[in-house]
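So the sequence lines, in the order shown, correspond to chains A and B. Residue numbering for the first sequence follows numbering that gives the first Met the number 0, starting at 0 and increasing by one per position. Residue numbering for the second sequence follows numbering that gives the first Met the number 0, starting at 0 and increasing by one per position. The C-beta atom is built at its ideal place from N, Cα and C for all residues, glycine as well. These figures come from a predicted structure and were not determined experimentally. To keep things clear, I will list the structure first and then write my remarks on it.
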Amino acid sequence: MGNNPLARFLMPLARAAAIFSGWCLLVVVALTCVEIVGRKFFNFSLHGVDEIGGYALTVVCAFGFSYALLRGSHTRINLVQSHLPARVRAALNAITMAALAAVSLFAAWRGFAELRVSIELMSVSNSPLQTPMWLPQGLWFAGLAMFAIVVIALAVHAVLLFLTDRREVNRFYSPAGSADELEQISARIRSEGSRSAAQ
Amino acid sequence: MIGIAPAVVGFLIMLGLMFLGLHVATAMFAVGLLGAAAYLGVPIINALGTQLWNVTDNFVLLAVPMFVLLGELLVNCGSTDRMYRALSDWFSPLPGGLLHTNIAASALFAAVSGSSVATAATISTVALPAFRDRHYDVRLVLGSICAGATLGILIPPSINMIIYGAMTNTSVGRLYAAGVFPGIVLTLLFMGVVVVCCWIRPALAGKRAASAPWADRLRRLLDLLPPIAIFVIVMGSIYAGWATPTESAAVGVMMALLLAAAYRSLSIRMLHECFLTTVNVTAMIMLIVAAAFYLNFVIGILGIPQALARFVGEIGATPIHMMWFLFLFYLLLGCFLETLSMMVGTIPVIFPLVLALGIDPVWFGIFLVLMCEIALISPPVGMNLYVVQGIRREGSIADVIYGTLPFLLMMFVLTALLIYFPDLALWLPRVTFG
């Protein structure tokens, strides 16, 4: 999705979310090390590091989905597509984004249902920590909602492009490693090469 | 309860959606939701939220981002470059010279990284420049990197094993123990095939470089200590029962941070770069895993595993027949599917079948990882082929594919060894965990 203007616009937000979840991960790494050393040598335990670790993974995933999407990392199989004519590819690429938008919207909706139940019942985790579940689930839902918004924005963009200028769909929404993408990369390398040669 | 025919139709729909180029996760979610809508109704459709939360609120799977972060830290602090140089001093005198360094460095990096793609990217970045102007056979160079890198998921820690363990409730610690000997044997097989190739046609190995002075060689051995120490502590704490795989991964990350500080490359900027790659890789993996868990959940309620188990019972297949059949099945599927998608997309139906035949789940995990390794280098979509070609940026991918053939053959040899001598994998977990 390298030079997709919409992806470039959304990237800073997704990047910030990814870095935030990276720090969450690092905090859990530190807590886990304290826990192991404490348990092994000082006969003391922090209690619930594994629980917090589980929440950290929900955050890393929910916040990471958008970032991975904008980097074009979510896996697609490119084998059949590359043999199809450009017009069909454009349609498939637009459909792919619309389908992912539907999935992400559904996931966010069901995620919200989980969160709402936790809030209504004031659920706490079944553990010594007694975490109020709305806390981790609220963060998790925020990530899912962000993913849904990002995918829907991209899907609308892809479908609009399909209706107006089909070549652009393939330029921005082809699977990673496809001929369309490789062409762009080699074009970029060429232009960078000629620029550095000019300097 | 539904029969086999609808299950096969569902599987074909999933493959069809994947081949149309839809996101793999979309294809899996769609088929799961389709199954739920056709046979089970609204409560199971709506259970997607709960399932999604349960997959990611999972301490076992937390090991995935941790091991990715560990590998990233080691790459970004320059430890892998040093490791490659130190190994090349010692392996260059063998017939095949630097080619062995590719395999040994891959094996060693695999022992601290859980990903084959990361291993391929890392080793080709440090190795390809080392071969410039040395007149090695370019195909064998590329093949040794591609194939060596597949060791990333066989030699523990392995991301694929964590996911297999989480999906099938198999102990990740046992899987790690089971991967050690097959990993060592495959490394030796790879080196053996290089020796044989270069012995038959010495032209394949290039000019021998003058050996470095002994003082340098000994000093550079120190560079091997950090990755070895991390491996020993991470794996040792699992086997000693001090820590779970996830906890030991956290210890590994902490050691890598200290190493980066010692090499004076630790900074906020470097940390953020590592975070971004880690989150990117984790999110990519977990979206597929989440979809596969939901699919698994629906398939389980539909009773497809029992139907399949009955079917296999009726045709009276022996475990050995079944494994050769599955070998061919995965060989074919691996040509067209991305590895992780292939693994998690087939576990829901294949695993119950394997259990019904009385095959050890730990053994099958190793078998499946080996099938993934083969898939990583099978054209036309083998991921490692493209990673190495992408970093090489010249010539044709056909060179890479030709180069992997001798190594592919060795993987077939290991498959046979594993099928006829299951203790190759199962002996170590038995003696360490009882």
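| query | result |
| --- | --- |
| Looking at chain A, is there any beta carbon in it that lies within less than 7 angstroms of the beta carbon of Glu337 (chain B)? | yes |
| Cβ closer than 8 angstroms: which chain B residues qualify as neighbours of Thr31 (chain A)? | Thr245, Glu246, Ala249 and Val250 |
| On a CA-only basis, which of B:Gly312, B:Trp198 and B:Leu331 is nearest Ser377 (chain B)? Give me that one, please. | B:Leu331 |
| For the alpha helix (DSSP H) containing Met121 (chain A), name the first residue and the last one. | Unbroken run through Met121 (chain A): none, as it is neither H nor E. |
| Are Val23 (chain B) and Thr95 (chain A) close, meaning C-beta to C-beta below 7 angstroms? | no |
| How would you list, in chain order, the residues of chain B whose beta-carbon sits under 8 angstroms from the beta-carbon of Gly47 (chain A)? | Under the 8 angstroms cutoff, chain B gives no residues; its nearest Cβ is about 11 angstroms from Gly47 (chain A). |
| Taking only the alpha-carbon atoms, compute the straight-line gap between Thr338 (chain B) and Met370 (chain B) and give it to the nearest angstrom. | 9 angstroms |
| Evaluate contact between the region 225–245 of chain B and the region 129–146 of chain B, counting only Cβ atoms and requiring at least three cross-stretch pairs below 8 angstroms. | no |
| By DSSP, does Pro11 (chain A) sit in helix, in strand, or in coil? | helix |
| Restricting to Cα atoms, I'd like to know which of A:Leu78, A:Leu83 and A:Ala17 is closest to Ala61 (chain A). | A:Ala17 |
| Helix, strand or coil: which one does DSSP assign to Pro5 (chain B)? | helix |
| With distances taken from CA atoms, which of A:Pro174, A:Leu9, A:Thr31 and A:Met145 is nearest His46 (chain A)? | A:Thr31 |
| How do the region 351–358 of chain B and the region 312–319 of chain B stand: do at least 3 beta-carbon pairs fall below 8 angstroms, yes or no? | yes |
| What does Arg14 (chain A) reach in chain B if we use C-beta pairs closer than 8 angstroms? | Leu275 |
| My guess is that Ile76 (chain A) and Met342 (chain B) are in contact by the Cβ rule of under 8 angstroms, so how many angstroms apart are they, rounded? | Not a contact, Cβ separation roughly 14 angstroms. |
| Along the region 45–74 of chain A, where does the CB come closer than 9 angstroms to a CB of chain B? Name the residues. | Val48, Asp49, Glu50, Gly52, Gly53, Tyr54, Ala55, Leu56, Thr57, Val58, Val59, Cys60, Ala61, Phe62, Gly63, Phe64, Ser65, Tyr66, Ala67, Leu68, Arg70, Ser72, His73 and Thr74 |
| For His22 (chain B), which beta-bridge partners are listed by DSSP? | A:Arg75 |
| Alpha carbon to alpha carbon, what distance is there between Met234 (chain B) and Gly182 (chain B)? | 14 angstroms |
| With contact counted as at least three CB pairs below 8 angstroms, one residue from each stretch, are the region 263–278 of chain B and the region 5–13 of chain B in contact? | no |
| For Gln198 (chain A), which of helix, strand or coil comes out of DSSP? | Confidence is the limiting factor: at Gln198 (chain A) the pLDDT is only 34, short of 50, which leaves the residue's position unreliable and the question unanswerable from this model. |
| Going by the C-beta, is Val102 (chain A) closer than 6 angstroms to any heavy atom of the ligand COA? | In the structure shown, the ligand COA is absent, as is every other ligand, since no ligand is present at all. |
| Could you name the residues of chain B that Ala112 (chain A) contacts, counting a contact when the two beta carbons are closer than 8 angstroms? | Asn45 and Gly48 |
| Just how far apart, CA to CA, sit Ser340 (chain B) and Ala291 (chain B)? | 9 angstroms |
| Tell me the rounded alpha-carbon separation between Arg38 (chain A) and Gly240 (chain B). | 12 angstroms |
| Which partner residues does Pro131 (chain A) have in the DSSP bridge list? | A:Val123 |
| For Val140 (chain B) and Leu407 (chain B), what's the separation of their Cα atoms in angstroms? | 14 angstroms |
| Would a C-beta distance cut-off of 7 angstroms place Gly31 (chain B) and Ala112 (chain A) closer than the cut-off? | no |
| Using 7 angstroms as the threshold, is the C-beta distance between Met382 (chain B) and Ala248 (chain B) below it? | no |
| Looking at the secondary structure, which residues open and close the alpha helix (DSSP H) in which Thr277 (chain B) lies? | Ile267 to Leu301 |
| If I measure Cβ to Cβ from Phe363 (chain B) and keep anything under 6 angstroms in the same chain, skipping five residues before and after, which residues do I get? | Val353 |
| If we count the other Cβ atoms within 10 Å of its Cβ and call it buried at 16 or more, is Asp88 (chain B) buried or exposed? | buried |
| Strictly below 7 angstroms CB to CB, what residues from chain A border Ile400 (chain B)? | Within chain A, no residue comes near Ile400 (chain B); the closest Cβ sits about 15 angstroms away, beyond 7 angstroms. |
| Please list, in chain order, all residues of the same chain as Phe28 (chain B) whose beta carbon is under 6 angstroms from its beta carbon, the five residues on each side excluded. | Ala290 |
| Find the nearest neighbour of Cys145 (chain B) within the set B:Arg216, B:Val297, B:Leu367 and B:Ser105, judged by alpha-carbon distance. | B:Ser105 |
| May I ask you to verify whether the region 65–79 of chain B touches the region 97–112 of chain B, counting CB pairs closer than 8 angstroms and requiring at least 3? | yes |
| Does any C-beta atom of chain A lie closer than 7 angstroms to the C-beta of Asn279 (chain B)? | yes |
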